[in-house]
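Here's the structure we're looking at; comments come further down.
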Ligand SMILES: NC(=O)c1ccc[n+]([C@@H]2O[C@H](COP(=O)([O-])OP(=O)(O)OC[C@H]3O[C@@H](n4cnc5c(N)ncnc54)[C@H](OP(=O)(O)O)[C@@H]3O)[C@@H](O)[C@H]2O)c1
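Residue numbers (UniProt numbering): 1 to 317.
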C-alpha cells in the first residue's frame, strides 16, 4: 500500500485528502514511464491555485478527482520497456507531466522518463524536490524571455521566495547586478546568494529611488507590481509571473515604453538539464526552509498561503 493525496473537490487546504491505495508496480508502467519511490515533492503556488479550482484546473488541464503536485524527487523503482537512460536505484528529479496531472503528492509516482533527470549528488532529496519548477521558471525568465547579460541591472521582487531566491542566484551567475526586493529579515541571506542591493518593499523612499534604474525586472509579487514596472528604464524588459503579472500592468508597461512579457513555465528537457547542471556545480542550490510529511500537505499549503515563504517548502515521504 502507498499513501497519496487526493482532491475530490476544489476548495481550502482541507480538500487535500490523505488516502492509502494499492502501490503501483512495474506492470502499471507504460513503455516510456518510470516508477519513482518519492522522497520529496515541492509545494508551489500553482498547487494552491489549482487546489481552489484556479491554476491548471481553470485551464482544463486538471479535472476532479486528481492527485496534486508536479515537483518530484526520489529513487527509480522500475522502468518501462522503452524508457532509456534511467535504471532502478538511481536518484531522479523532475517536473511530472506539467501542466496535466502530475500526481507528485504521493509515495509512489509514475512519471514519463522524459520528465526526469538524475539528481546531482550535491542535492539532498528535499532540495531536489524543491528544485524543478522554481529553477526552470527562473531559467526561462532570464535566458528565454529576457536574455540577461553581464553588467545589466536586474530587479527581482519576491526575491526571498521559491522562484525569487533561485532567480537571484541565476542572475548573479549570468553576471548581472541584482537588486532584490524582499522583507528585511531576508536581506542578509539574499546578499549571501549574490544580491548586490537589497531593498525592503515597505520602504517607499528606497523603492521610489529605483525608478528607471533597471534593465530587466522580474515581477513575482502582487504587492510590488507597480514598483517593478517603475524601476525598468524605457525599452527595458518587465517579466510578469503569477501574482506579479496582469493585464493592467501589461498596458501600463506599453505606455511607459517597457517591453512586457508574461511567461508560463515550459517543461523543456533541455532547460531542466541546464539548471540541474548549474545545481551540480553548486551555483543553483535551492534553500528549503520548511518540510512537512506528505500526510501534512494541508499544513504545507497553509504555510505557503501566508505569502512570506523563505526559499521553498517541501513535502517528504
Ligand atoms: N507562470 C509560471 O510559470 C510560474 C511559475 C512559478 C511561479 N509563478 C508565480 O510566481 C510567483 C512567485 O512564486 P514563488 O514560488 O516564488 O512564491 P513564494 O515562494 O510564495 O514567494 C513569494 C515571495 O514574495 C515575497 N513578498 C510578499 N509580498 C511582497 C511584496 N509586496 N514585494 C516583494 N516581495 C513580496 C514573500 O516574502 P517576504 O514578504 O517576506 O519578502 C515571498 O518570499 C507566484 O505568483 C507564482 O504563482 C509562476
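Just so it is clear, CB atoms sit at the ideal spot from N, CA and C, and this is done for glycine as well. On a predicted model such as this, the values are computed, not experimentally measured, just so you know.
query: Nearer than 6 Å: is that true of the beta carbon of residue 243 relative to any heavy atom of ligand 1?; result: yes
query: From which residue to which residue does the alpha helix (DSSP H) around residue 3 run?; result: Element bounds for residue 3: not the alpha helix (DSSP H) but the beta strand (DSSP E), 2-6.
query: Which complete beta strand (DSSP E) runs does the segment 174-231 hold, if anything under 3 residues is left out?; result: 177-181, 197-199, 214-219
query: Find the nearest neighbour of residue 46 within the set 311, 304, 310, judged by alpha-carbon distance.; result: 304
query: Where does residue 238 fall in DSSP's three states?; result: strand
query: Is the segment 183-203 touching the segment 261-277 in the sense that three or more CB pairs, one from each, lie closer than 8 Å?; result: no
query: Does the count of Cβ pairs from the segment 149-163 and the segment 100-110 closer than 8 Å reach three?; result: no
query: Please state whether DSSP places residue 121 in a helix, a strand or coil.; result: coil
query: Which full runs of the alpha helix (DSSP H) of 4+ residues lie inside the segment 36-94, going along the chain?; result: 45-51, 55-58
query: Pull up the CB-CB distance for residue 134 and residue 286, whole angstroms please, since I reckon it's below 8 Å.; result: 7 Å
query: CB-CB under 7 Å to residue 318, same chain, minus the five flanking residues each way: which ones, in chain order?; result: Nothing can be reported for residue 318, as the shown portion of the chain is limited to 1 through 317.
query: Take residue 85 and list the residues in its own chain whose beta-carbon comes closer than 8 Å to its own, dropping the five residues that flank it on each side.; result: 113
query: Can you round the beta-carbon distance between residue 279 and residue 123 to whole angstroms, since I take them to be within the 8 Å contact cut?; result: 6 Å
query: Whose C-beta lies closer than 7 Å to the C-beta of residue 254 among residues of the same chain, with five residues either side of it excluded?; result: 260
query: Give the list of continuous alpha helix (DSSP H) stretches no shorter than 4 residues that lie fully inside the segment 240-266.; result: 247-255
query: Is the beta carbon of residue 276 closer than 7 Å to that of residue 40?; result: no
query: Using the beta-carbon count (16 or more within 10 Å), is residue 236 buried or exposed?; result: buried
query: Closer than 7 Å by C-beta to residue 283: which residues in its own chain qualify, once you throw out the five before and the five after it? Chain order, please.; result: 169, 173
query: Restricting to Cα atoms, I'd like to know which of 269, 180, 138, 302 is closest to residue 210.; result: 180
query: Please state if the CB of residue 228 and the CB of residue 219 are separated by a distance shorter than 7 Å.; result: yes
query: With respect to 6 Å, is the separation between the Cβ of residue 220 and the closest non-hydrogen atom of ligand 1 below this value?; result: yes
query: In terms of residues, what are the limits of the alpha helix (DSSP H) holding residue 18?; result: Unbroken run through residue 18 is the beta strand (DSSP E), 17-21; no alpha helix (DSSP H).
query: Mind checking residue 58: buried by the 16 CB within 10 Å criterion, or exposed?; result: exposed
query: Is the beta carbon of residue 67 sitting closer than 7 Å to the one on residue 92?; result: no
query: Would you mind sorting residue 185 into buried or exposed? The rule is 16 or more other CB atoms within 10 Å of its CB.; result: exposed
query: So is residue 22 buried or exposed if we call it buried at 16+ other beta carbons inside 10 Å?; result: exposed
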